[in-house]
Amino acid sequence: MELNQLRTFQTIVMTGSFSKASTKLGYSQAAVTIQMKKLEEELGCRLFDRLGRTISLTGDGHIFYEHVTHILNEVEEAKASLVTEELTGHLRIGTIDSLCTSLLDASLLSYHQKYPNVTFTITTDSIDGLLHKLFSNDIDFAYLVDQKIEDAHLETAFEKREVAYFVASKNHPLVNKKHLTLEEITKEPLILTEPNASYRRLLDLDLASHSIEIAPVIEAENTDLIISLVKGTNGVTFLPNYILYPHLKDGSLVKLDVDYKVNLSRQIIHHKDKWISKEMKSFIEELERI
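Sequential numbering from 191 applies to the sequence shown in the numbering used here.
Printed below as a string of C-alpha cells:
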C-alpha cells in the first residue's frame with residue numbers, strides 16, 4: 191500500500207468521481223482506476239459501489255476513509271514538524287466579495303508583513319459555490335457571512351455575530367423620521383446586492399414572510415459601488431455592519447430608524463478532514479485578531 195494510492199482514494203471521495211480526481215491529481219483516469227483496483231485487491235474488499243457514472247463508498251470504504259484521513263493528516267504533521275519555524279506554504283482562501291475589501295485585505299497585509307514567504311490564492315464565490323469548493327478540496331477554508339452553517343462534514347474555526355440593516359445618506363429625507371415602517375423604507379429607491387448574496391437572500395426571504403415585495407432600482411455585486419451610489423443619490427441600501435462601520439463613523443451614512451435587522455454569522459469554516467497546517471492556523475488567528 192502506497193501513500194499516493196491513499197491520496198488518490200481520498201481525492202476520489204472528496205471530489206465524488208474518478209474523472210474529477212484524475213484531473214485534480216494530474217493522472218489519467220486509467221491510472222486512477224488501476225490504483226484503486228490494486229488497493230482493493232490488497233485490502234481484499236470493495237471500496238466503491240459503481241453504478242454507471244455514479245460512485246459511492248461501500249461500508250468498508252467508509253471505515254477505510256476514516257483511517258486514510260487520519261494517516262494522511264499524520265503524514266502532513268510529521269513533515270511539518272521537520273521544517274523550520276518560518277512559514278513558507280501556500281493558502282487557498284474562498285470568500286465573498288464584501289469581505290475582501292472590508293476585512294480580508296487588512297488581514298492579508300498584516301500577515302504578509304509577518305510571513306512574507308507565504309503565498310495566497312483568493313477565490314470569491316457565492317455561499318453555495320464556496321461550500322462546493324470546500325467539499326472538493328479546491329480551497330483550504332471559507333471565510334463567509336451567512337446564517338450559521340452547520341454540517342457534519344464541516345468545522346467552524348471562528349465565528350462572530352454580525353447584523354445587517356437599512357441605511358441612507360446623511361441628506362436623505364428619511365434620516366430625520368422616527369419609527370419608520372418596513373413599507374415606508376421599501377418604497378424608497380433600493381440599491382442592493384445581487385439576490386445570491388447571503389444577506390440579500392435572507393432579506394428577500396424575511397420580507398416575503400411579511401408579504402413585502404421589493405424591486406431594487408440597482409443591483410450590484412460590488413459593495414463599494416453600492417455605498418458610493420447611496421451617498422450620491424436618494425437611495426437606500428441594506429448591508430452588514432462590518433461594511434457600514436467606517437461610513438457610519440464618519441457620518442456619511444446614517445442608520446434608518448426602523449425596528450428591523452437581520453442577524454448574520456461571520457464564519458471561517460473548513461472540511462472536518464482537512465489537515466490544519468501552521469500557515470492555515472496562523473492566518474485564521476490573524477483574521478480573528480483583525
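Just so you know, even glycine gets a beta-carbon here, dropped at the ideal spot from N, CA and C.
Because the structure is a prediction, the values reported are computed rather than measured.
Problem - Segments assigned beta strand (DSSP E), at least 3 residues, entirely inside the region 228-273 - result: 238-241, 244-247
Practice task
Tell me whether Arg243 is buried or exposed, calling it buried when 16 or more other Cβ atoms sit within 10 Å of its Cβ.
Solution key: Within the sequence shown, the letter at position 53 stands for residue 243. It counts as exposed.
Handout entry: Nearest residue (CA-CA) to Asn453, options Ile224, Ser401, Asp396
Key = Indexing the sequence shown from 1 puts residue 453 at position 263. Looking at the Cα atoms, Asp396 is the closest of the given residues.
Problem - Sequence-distant residues of its chain with Cβ nearer than 8 Å to Ile245 (five each side left out) - result: What you label residue 245 is simply residue 55 of the sequence shown in a count that begins at 1. Cβ neighbours of Ile245 beyond the five flanking positions: Ile202, Gly206, Ser207, Phe208, Phe238, Asp239.
Problem - Whether Asn386 touches Ser326 by CB criterion (8 Å) - result: Residue mapping note: residue 386 aligns to position 196 of the sequence shown, counting from 1. Residue mapping note: residue 326 aligns to position 136 of the sequence shown, counting from 1. Taking 8 Å as the Cβ cut-off, Asn386 and Ser326 do not qualify as a contacting pair.
Problem - Euclidean distance between Cα positions of Ala358 and Leu293 - result: Here residue 358 refers to the residue found at position 168 of the sequence shown. Here residue 293 refers to the residue found at position 103 of the sequence shown. Cα to Cα, Ala358 sits roughly 22 Å from Leu293.
Handout entry: His362 beta carbon less than 8 Å from that of Asn482
Key = Nothing about residue 482 can be reported from this structure: the residues present for the chain run from 191 to 480 only.
Exercise for the section: Kindly indicate which residue of Leu344, Lys338, Ile339 has the alpha-carbon position closest to the one of Leu324. Expected result: Counting from one through the sequence shown, the residue named residue 324 turns up at place 134. Just measuring C-alpha positions, the residue of Leu344, Lys338, Ile339 sitting nearest Leu324 is Leu344.
Handout entry: Buried/exposed call for Leu351, threshold 16 Cβ in 10 Å
Key = Locating residue 351 in the sequence shown gives position 161, where the first residue counts as 1. At residue 351 the sequence reads Arg, which differs from the Leu that was named. The residue is exposed, with fewer than 16 neighbouring Cβ atoms inside 10 Å.
Problem - Within 8 Å, strictly: CB atoms of Thr198 and Ala211 - result: Here the question's residue 198 lines up with position 8 in the sequence shown. Here the question's residue 211 lines up with position 21 in the sequence shown. Closer than 8 Å, so yes.
Exercise for the section: Count the other C-beta atoms from every protein chain shown that fall within 10 angstroms of the C-beta of Met191, then say buried if there are 16 or more, exposed otherwise. Expected result: The sequence position of residue 191 within the sequence shown is 1, counting from 1. Met191 is exposed by the Cβ-count criterion.
Exercise for the section: Return the CA-CA distance between Lys468 and Leu277, expressed in angstroms with no decimal places. Expected result: What you label residue 468 is simply residue 278 of the sequence shown in a count that begins at 1. What you label residue 277 is simply residue 87 of the sequence shown in a count that begins at 1. In a straight line, the C-alpha of Lys468 is about 7 Å away from that of Leu277.
Problem - Between the CA atoms of Gly279 and Leu393 - distance to the nearest angstrom - result: The residue labelled residue 393 in the question sits at position 203 within the sequence shown. The residue labelled residue 279 in the question sits at position 89 within the sequence shown. Each residue's Cα considered, the two are about 39 Å apart.
Practice task
Measure the C-alpha to C-alpha separation of Glu411 and Ser401 and round it to an integer number of angstroms.
Solution key: Taking the sequence shown and counting its residues from 1, the one referred to as residue 411 is at position 221. Taking the sequence shown and counting its residues from 1, the one referred to as residue 401 is at position 211. So the alpha carbons of these two residues sit roughly 25 Å apart.
Practice task
Determine the burial state of Asp318: buried for a count of at least 16 other Cβ atoms within 10 Å of its Cβ, exposed for fewer.
Solution key: Along the sequence shown, one-based indexing puts residue 318 at 128. It is exposed - the Cβ of Asp318 has fewer than 16 other Cβ atoms within 10 Å.
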